[in-house]
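Q: Number 127 in my numbering belongs to position 108 of the sequence shown; there are no gaps in the numbering.
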Amino acid sequence: MPPGKRCRHGNGSKRACSCAMGNLYRFTEPIILVSLARLGTAHGYQILQEANKMAVTHAGLDVGAIYRTLHLFEEKGLVQSEWDTEGSGPAKRVYALTSDGYTHLGQWTAVLEDFMTALGKVLVYCRDAVAEA
Numbered sequence: 020m021p022p023g024k025r026c027r028h029g030n031g032s033k034r035a036c037s038c039a040m041g042n043l044y045r046f047t048e049p050i051i052l053v054s055l056a057r058l059g060t061a062h063g064y065q066i067l068q069e070a071n072k073m074a075v076t077h078a079g080l081d082v083g084a085i086y087r088t089l090h091l092f093e094e095k096g097l098v099q100s101e102w103d104t105e106g107s108g109p110a111k112r113v114y115a116l117t118s119d120g121y122t123h124l125g126q127w128t129a130v131l132e133d134f135m136t137a138l139g140k141v142l143v144y145c146r147d148a149v150a151e152a
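1. Could you name the residues of the same chain whose beta carbon sits closer than 8 Å to that of Gln-65, not counting the 5 residues immediately before and after it, in chain order?
2. Is it buried or exposed, Trp-102, if we count other Cβ atoms within 10 angstroms and call 16 or more buried?
3. Given this structure, state the Cα-to-Cα distance separating Thr-88 from Ala-152, to the nearest angstrom.
4. Just checking my contact of Gly-63 with Tyr-86 at CB under 8 Å: how many whole Å lie between their CB atoms?
5. Where DSSP assigns a beta bridge to Ala-61, which residues make up the other side?
6. Do Leu-91 and His-123 count as a contact pair if the criterion is CB distance below 7 Å?
7. Taking 7 Å as the cut-off, decide whether the C-beta atoms of Ala-70 and Ser-54 are in contact.
8. Pick from Glu-48, Ile-51, Ala-56, Val-75: whose alpha carbon is nearest that of Ser-118?
9. Might you give, ordered along the chain, the residues of its own chain that have their beta carbon closer than 7 Å to the beta carbon of Leu-67, omitting 5 neighbours on each side?
10. Assuming Val-75 is part of the alpha helix (DSSP H), what are its boundary residues?
11. Can you give me the start and stop residues for the alpha helix (DSSP H) that Glu-93 sits inside?
12. Does DSSP classify Ser-100 as helix, strand or coil?
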């Protein structure tokens, strides 16, 4: 994460916040954050459907990763949830971003911009190496 834009959500937690560029493989955290920002309020399956539209791997995100991340986000105050008992069928837990969640999405945006810049450089080097071969 860029200097001066460090996330504080990992402080005091057993797990470091992945915006510190740890596990970025599927970009689970930013994809869930932006999915919720786009949907407003949604239950897990709706979030999964929206997230998989943006999946960066062919595997997409699995439902377990969605719920684990939502639980972690709720512990950190990035999302809030409540039970929706309206309509037929079982109650569903619905989630919405908090103001801290939107702030964290902004932090992720900076991380992803830096990541794209770095990947762009790597891509140029790769293309140059292939062209020279």
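Here a beta-carbon is modelled for each residue, glycine too, at the ideal position from N, C-alpha and C.
A: Looking at the coordinates:
1. So the qualifying residues of the chain are Leu-58.
2. exposed
3. 43 Å
4. 6 Å
5. Tyr-114
6. no
7. Yes, the pair counts as a contact, with Cβ atoms nearer than the cut-off.
8. Ala-56
9. Leu-80, Val-82, Ile-85
10. Taken as a continuous stretch (DSSP letters only), Val-75 belongs to no alpha helix (DSSP H), as it is neither H nor E.
11. 82-94
12. It is a strand residue.
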